[in-house]
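In what follows, a structure is listed as structure tokens, so that the remarks can point back to it.
2 protein chains.
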Amino acid sequence: MATATSTELKHIKSLLTKKGRKEHGQFVAEGVRVLEEAYRHQAQPRAVYYSPALLSERGEGLAVVFSKRGIPVKEVSASRFQSVTDTTTSQGILAVFDTPARSLTKLYRPSYRKLLLCENIGDPGNLGTLIRSAAAFDFRLVCLIGACAEPYAPKVVRSSAGAIFAIAVVDSTDVEALALARSRSMRLVATDSTGMSDPTGLSDMVRESSVMMAVGSEAEGLSPGLLHAADLVVRLEHEATVDSLNAAVAGSILMKRIYDFTREAVT
Amino acid sequence: MATATSTELKHIKSLLTKKGRKEHGQFVAEGVRVLEEAYRHQAQPRAVYYSPALLSERGEGLAVVFSKRGIPVKEVSASRFQSVTDTTTSQGILAVFDTPARSLTKLYRPSYRKLLLCENIGDPGNLGTLIRSAAAFDFRLVCLIGACAEPYAPKVVRSSAGAIFAIAVVDSTDVEALALARSRSMRLVATDSTGMSDPTGLSDMVRESSVMMAVGSEAEGLSPGLLHAADLVVRLEHEATVDSLNAAVAGSILMKRIYDFTREAVT
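The following block contains the structure:
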């Protein structure tokens with residue numbers, strides 16, 4: 001196996017910063033499980049870097065299959081590997097990917113029946129978890145508006161558990177997203193504390209139409225514009241013991257509900 | 268207002284480590300929102316520390332109400348405050364609390380109809396989120412078994428959004444938890460990928476009996492002992508696009524479902 005050069009390691013390190021990711025149009029994904037998902041979803045890394053001293057057997061197998069797919073796989077010493085990762089205990093494998101095109105109009109397909117709209121989801125862990133749940137519940141595209149975390153930041157990639165490789169994630173605006181929903185006759189379903197508890201219309205709506213589901217930040221909720229545009233605003237009932245649900249939890253609960261309704265419709 | 272001494276600041280800093288928390292039987296909670304929840308749930312801090320230069324108006328109000336409740340409130344300079352917090356951008360307020368008693372048999376009350384059992388939830392963010400959802404969905408006690416994160420670690424307290432002050436969280440063992448469930452005729456409901464999808468028995472079970480709901484780690488799932496003891500194992504159906512759901516999401520979805528069934532039973 002070839003050994004990574006200092007220039008390559010410097011490049012990887014630069015991708016841990018937002019500036020570096022923007023400049024190079026690339027990002028880093030790290031860890032055995034995340035890269036197994038990348039492999040499974042046919043993502044093509046530019047190169048894979050691993051440190052034999054840190055890597056498990058399962059990780060070694062992964063390096064081998066990437067290599068068989070024609071991807072350059074390069075060795076890094078344990079100490080140098082630690083210097084290019086943002087995790088405290090590294091699993092000894094990472095890969096560099098090109099950041100995919102991220103335009104809503106380019107990535108949207110009319111066959112997509114369920115889309116997720118994230119407004120101001122600033123916490124990287126929450127954004128990654130929402131991307132993961134979206135992929136799990138058959139949502140085909142995640143559209144980010146307002147002040148969301150950067151989807152290819154290391155913590156988002158990690159929290160997505162590799163789902164970032166399975167689903168289109170795009171930056172957009174409320175105007176563009178609402179225009180798409182209108183032009184495609186999608187229904188806009190939102191979750192917000194100001195909504196209706198268990199609205200009866202939800203199951204029919206998601207069975208009959210394509211759906212764009214909106215989730216906002218915990219502190220602020222959804223913006224008035226989106227709430228006003230929504231066909232249905234769903235309040236997820238909970239005890240007053242807590243002020244609100246975690247945004248990723250609220251979004252995931254409603255996505256699961258919509259998923260179950262559409263599954264019932266199929267069977 | 269009094270000013271915090273160097274000894275006090277050193278003490279706070281020690282509580283950011285597991286060793287320090289254990290040694291002193293105390294922990295630190297930080298941030299306006301978390302401490303508002305602490306106040307609302309009548310938690311009595313030993314002392315509140317704040318830095319006027321960092322604190323918002325809302326935070327200042329909080330310092331005042333704690334002071335009115337007879338809690339010592341002490342001033343810290345901005346630079347010294349930053350040195351005793353584990354957040355990167357501090358909101359300028361924290362408080363020191365005694366760690367509550369954490370024995371299952373001491374804290375369990377027969378009136379508790381819903382308990383959450385967390386097995387090997389090692390990620391602090393997931394544990395905090397599960398505690399928050401448990402409080403939201405009327406679960407009265409969270410029982411930790413196996414290798415869970417430490418519930419009073421700063422990241423768990425923060426992820427709980429203050430719910431840690433609203434609900435009993437105890438360390439226990441599978442043997443003790445199962446013995447309690449048996450002696451109180453609770454039903455053990457688990458979520459695991461090996462379970463049944465949408466089992467019809469769930470709604471009747473949770474309406475008729477007290478419930479202990481078990482959630483395990485993403486990587487390993489629940490231990491064979493717990494799965495074997497479970498009255499019902501629920502599989503949360505999802506696409507094969509992802510390997511599994513986030514543990515906090517899976518646990519929260521099932522808690523919400525159980526909550527909705529028991530709410531329907533009441534109305």
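Heads up: the protein sequence lines correspond to chains A and B, in order. Heads up, the first sequence stops at 267 in this note's numbering, and the numbers go up one at a time, no gaps. Heads up, the second sequence stops at 534 in this note's numbering, and the numbers go up one at a time, no gaps. Ideal Cβ positions, reconstructed from N, Cα and C, are used throughout, including at glycine.
| Item | Value |
| --- | --- |
| Is there a C-beta anywhere in chain B that falls below 8 angstroms from the one on Asn-120(A)? | no |
| Tell me which residues of the segment 121-145 of chain A have at least one Cβ-Cβ distance to chain B shorter than 7 angstroms, keeping chain order. | Gly-125, Thr-129, Arg-132, Ser-133, Ala-135, Ala-136, Phe-137, Asp-138 |
| Would you call the CB atoms of Asp-274(A) and Arg-187(A) closer than 8 angstroms? | The requested residue 274(A) is not part of the displayed model; chain A covers only 1 to 267. |
| Ignoring anything shorter than 4 residues or poking outside the segment 363-389 of chain B, list the alpha helix (DSSP H) runs there in chain order. | 371-374 |
| Spatial neighbours of Leu-254(A) within its chain, please: C-beta separation below 8 angstroms, excluding the five flanking residues on both sides. | Val-189, Thr-191, Met-213, Val-215, Val-234, Leu-236 |
| Assign Ala-190(A) to one of three DSSP states: helix, strand, or coil. | strand |
| Identify each residue in the segment 493-511 of chain B for which the Cβ-Cβ distance to at least one residue of chain A is less than 8 angstroms, and report them in chain order. | Leu-503, Glu-504, His-505, Glu-506, Thr-508, Val-509, Asp-510, Ser-511 |
| Among Ala-435(B), Cys-410(B), Val-363(B), Ala-402(B), which residue has its Cα nearest to the Cα of Ala-240(A)? | Ala-402(B) |
| Would you be able to state if there are at least three C-beta pairs under 8 angstroms between the segment 339-346 of chain B and the segment 375-383 of chain B? | no |
| Report the partner residues of Gly-216(A) according to the DSSP bridge assignment. | Answer by DSSP bridge pairing: none, since Gly-216(A) is not bridged. |
| Would you check if the distance between the CB atom of Gly-125(A) and the CB atom of Lys-155(A) is smaller than 8 angstroms? | yes |
| Look up Ile-431(B) in the DSSP assignment and say whether it is helix, strand or coil. | helix |
| Applying the criterion that 16 or more other CB atoms from any shown protein chain within 10 Å of the CB defines a buried residue, is Ala-444(B) buried or exposed? | buried |
| To the nearest angstrom, report how far apart Arg-307(B) and Ser-217(A) are at their CA atoms. | 22 angstroms |
| Output, in chain order, the set of chain B residues within a Cβ distance shorter than 8 angstroms of Ala-166(A). | Thr-508, Val-509 |
| Beta strand (DSSP E) containing Leu-499(B): first to last residue? | 499-502 |
| Could you give the DSSP three-state label for Asp-171(A): helix, strand or coil? | strand |
| What residues in the segment 29-46 of chain A have a beta carbon less than 9 angstroms from any beta carbon of chain B? | Arg-33, Glu-36, Glu-37, Arg-40, His-41 |
| What span of residues does the alpha helix (DSSP H) with Glu-239(A) cover, start to end? | It is not in any alpha helix (DSSP H) - Glu-239(A) carries neither H nor E in the DSSP assignment. |
| What are the residues of the segment 147-160 of chain A that lie near chain B, defined by any Cβ-Cβ distance shorter than 7 angstroms? | none |
| Anyone know if the C-beta pair for Gly-389(B) and Cys-410(B) falls short of 8 angstroms? | no |
| Are there 16 or more other CB atoms within 10 angstroms of the CB of His-228(A), so buried, or fewer, so exposed? | exposed |
| Name the two residues that bound the continuous alpha helix (DSSP H) containing Leu-493(B). | 491-496 |
| Tell me which residues share the same chain as Thr-461(B) and place their Cβ nearer than 8 angstroms to its Cβ, disregarding the 5 neighbours each side in the sequence. | Gly-488, Leu-494, Val-500, Arg-502 |
| What does the Cβ neighbour count give for Gly-268(A), buried or exposed, with the cut at 16 atoms within 10 Å? | Nothing about residue 268(A) can be read from this structure; chain A reaches only from 1 to 267. |
| Identify every residue that forms a DSSP beta bridge with Leu-411(B). | Cys-385(B), Asp-438(B) |
| Answer with yes or no whether the minimum CB distance from Arg-530(B) to chain A is below 8 angstroms. | yes |
| Taking the CB atoms as reference points, tell me whether Gln-293(B) and Asp-353(B) lie closer together than 8 angstroms. | no |
| Using 8 angstroms as the limit for Cβ to Cβ distance, is Ile-253(A) near chain B? | yes |
| Under the assumption that Val-424(B) contacts Ile-360(B) (Cβ atoms under 8 angstroms), give the Cβ distance between them as a whole number of angstroms. | Not a contact, Cβ separation roughly 14 angstroms. |
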